[in-house]
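Remember, our numbering sits 216 above the position in the sequence shown when you count from 1.
All residues carry an ideal CB built from backbone N, CA and C; glycine is no exception.
To start, the structure under review is shown below, and the notes come after it.
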Amino acid sequence: MEGYSMYFPCYTIGHGVYEKVGKVCCDYGTSAVIIGGHKALAAAQDKLLQACREGGITVTGILWYGGECAYENVERLAAEQAVQEAKLLFAVGGGKVTDTVKALGEQINKAVFAFPTITSNCAGCTSVSIMYNTDGSFLKPFFITRPPLHTFLDLDIIAAAPARYMWAGMGDTYAKFFEADMSSRGESLSHYVGLGVTISRMCLGPILEYGEQALRDNEAGIASEALENVVLAINVTTALTSILVTKDKIIDYNTGLAHAINYGLTSYPEVEHNHLHGEIVSFGVLVLLLVESQVDPSMREKFDRMLAFSRATGLPTRLEDLGLSAADQDAVIDKALAMPDIDHNPYVITRDMMVQAFEELQKITK
Ligand SMILES: [Zn+2]
Numbered sequence: 217m218e219g220y221s222m223y224f225p226c227y228t229i230g231h232g233v234y235e236k237v238g239k240v241c242c243d244y245g246t247s248a249v250i251i252g253g254h255k256a257l258a259a260a261q262d263k264l265l266q267a268c269r270e271g272g273i274t275v276t277g278i279l280w281y282g283g284e285c286a287y288e289n290v291e292r293l294a295a296e297q298a299v300q301e302a303k304l305l306f307a308v309g310g311g312k313v314t315d316t317v318k319a320l321g322e323q324i325n326k327a328v329f330a331f332p333t334i335t336s337n338c339a340g341c342t343s344v345s346i347m348y349n350t351d352g353s354f355l356k357p358f359f360i361t362r363p364p365l366h367t368f369l370d371l372d373i374i375a376a377a378p379a380r381y382m383w384a385g386m387g388d389t390y391a392k393f394f395e396a397d398m399s400s401r402g403e404s405l406s407h408y409v410g411l412g413v414t415i416s417r418m419c420l421g422p423i424l425e426y427g428e429q430a431l432r433d434n435e436a437g438i439a440s441e442a443l444e445n446v447v448l449a450i451n452v453t454t455a456l457t458s459i460l461v462t463k464d465k466i467i468d469y470n471t472g473l474a475h476a477i478n479y480g481l482t483s484y485p486e487v488e489h490n491h492l493h494g495e496i497v498s499f500g501v502l503v504l505l506l507v508e509s510q511v512d513p514s515m516r517e518k519f520d521r522m523l524a525f526s527r528a529t530g531l532p533t534r535l536e537d538l539g540l541s542a543a544d545q546d547a548v549i550d551k552a553l554a555m556p557d558i559d560h561n562p563y564v565i566t567r568d569m570m571v572q573a574f575e576e577l578q579k580i581t582k
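Below, the structure is given as structure tokens:
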């Protein structure tokens, strides 16, 4: 077998984590450019600049990332003097900012450090950038060598961000478990995929245990233990799973039926525009579990548990919650069944199974 390397995330989480920036980063260089989104920079810039001053890191400039994780923005940033002068690239913001800077670091071979200011997904710790066109349409995943060298998860900044990001992020996080569990079932797995599938269990447990409390704390701006556990699940556990199960890039254990349904739903521009990714994916999880229950009735218990969680947290449980109706069901199903995300599963997902699951969900949640 040909040799291979694995690169895993390193992170600091809690209060005052930016104070460690100098110590953590100085082995890689003492000059950094800060690249972020407008809101993220407003939330984190002062704290980060102070940390750089105290940690002996010279800041060569503060740049806006460009509004979209697009190759055009990566190239524009690469030409900036502040980027060329810096040894380190600091990404401050959500997924699109972090993915842009990760792609930039890969292209120009500079060290990337991530400073997530919201907790909607695992971009701060993964080794893939989701690339878009400048008009905001999806382009392709860009797999990069390694995740950011270190990720600074400042709970005070994250707790002060709008709670809807974490709310949606939880849906995308536990989808990782249900999809990996389903697509790998009954298979003999490589070490890393097996590890990833096992770790994915923790994309669900802490969300069920701490999710509701963490949301209340996020709404109140409290950096609590519950919030920390959910931030770890969304950022770290999900990223570890993603890195491990996508290593082969041949079989897709990373996304599955819940994401295929998400793509079916987001073929309606108003759904894409008015709802967050993880929010839509959480609806896909409910359909996934009803499909699973048709094959294995013991899965029904899991469906009941997740429906209760969606209800308790206000995640969507019927098409109307996403601005659609039963009349849109067939189009959503057709689109979902055409997605490659469902190519690798222990059984063939038929149109009849999907129709039955959608109708059942509409009936239960009436
Ligand atoms: Zn997702």
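Query raised in the report: Taking the Cβ atom as the reference point for each residue, do N451 and T529 lie within a distance shorter than 9 Å?
Result: By 1-based counting over the sequence shown, the position of residue 451 is 235. By 1-based counting over the sequence shown, the position of residue 529 is 313. No, they are not a contact pair.
Query raised in the report: Helix or strand or just coil, what does DSSP make of K465?
Result: Residue numbering aside, residue 465 sits at position 249 when the sequence shown is read from its first letter. Coil.
Query - Separation of T457 from M222, as counted between CA atoms - result: As a working note, residue 222 is residue 6 in the sequence shown. As a working note, residue 457 is residue 241 in the sequence shown. Counting only the Cα atoms, T457 lies some 12 Å from M222.
Query raised in the report: When the distance is taken between beta carbons, is E444 closer than 9 Å to L371?
Result: Working through the sequence shown from its first residue, we reach residue 371 at position 155. Working through the sequence shown from its first residue, we reach residue 444 at position 228. Less than 9 Å divides the Cβ of L371 from the Cβ of E444.
Query - By C-beta, the residues closer than 6 Å to any heavy atom of ligand 1, given in chain order - result: Spelled out in chain order, the answer is D388, H475, H493 and V497.
Query raised in the report: Does the Cβ of Y227 have 16 or more other Cβ atoms within 10 Å, making it buried, or fewer, making it exposed?
Result: Translated into positions along the sequence shown, residue 227 becomes position 11. Sixteen is the threshold: when 16 or more other Cβ atoms of the shown chains lie within 10 Å of the Cβ of Y227, as they do, the residue is buried.
Query raised in the report: Near G340, what residues of its chain come up, given a Cβ to Cβ distance below 7 Å and the 5 sequence neighbours on each side ignored?
Result: Position 124 of the sequence shown, counting from 1, holds the residue named residue 340. Contacts found: T314, A330, P332, P364, T367 and N451.
**Report entry** Residues bridged to D370 [DSSP beta-bridge criterion]
**Finding:** Here the question's residue 370 lines up with position 154 in the sequence shown. G230, per the DSSP bridge assignment.
**Report entry** Environment of P225 [buried if 16+ CB atoms lie within 10 Å]
**Finding:** Position 9 of the sequence shown, counted from the first residue, corresponds to residue 225. Buried: at least 16 other Cβ atoms inside 10 Å.
**Report entry** Backbone CA spacing between G385 and E435 [nearest angstrom]
**Finding:** Along the sequence shown, one-based indexing puts residue 385 at 169. Along the sequence shown, one-based indexing puts residue 435 at 219. Rounded to the nearest angstrom, the two C-alpha atoms are 15 Å apart.
Requested in this report: Thinking V507 and M570 are a contact (beta carbons under 8 Å), I'd like their distance in whole angstroms, please.
Outcome: To locate residue 507, count along the sequence shown from 1; it is residue 291. To locate residue 570, count along the sequence shown from 1; it is residue 354. About 7 Å separates the beta carbons of V507 and M570, which is inside the 8 Å limit, making them a contact pair.
**Report entry** Proximity test, Cβ basis, 9 Å: A298 and chain D
**Finding:** Judged by its chain identifiers, the structure shown contains no chain D, having just a single protein chain.
Requested in this report: Over the uninterrupted beta strand (DSSP E) stretch that includes M347, give me the two end residues.
Outcome: On the sequence shown, residue 347 is found 131 positions in, with the first residue counted as 1. First-last of the beta strand (DSSP E) with M347: V344 to Y348.
**Report entry** Selected residue, minimal CA-CA separation from T581, among L523, A396, D243 and A552
**Finding:** Walking along the sequence shown from the start, residue 581 turns up at place 365. The option with the nearest alpha carbon to T581 is L523.
Query raised in the report: Taking one C-beta from the region 457–469 and one from the region 526–541 each time, how about it: are there three or more such pairs within less than 8 Å?
Result: The region 526–541 and the region 457–469 do not touch, with fewer than three beta-carbon pairs separated by less than 8 Å.
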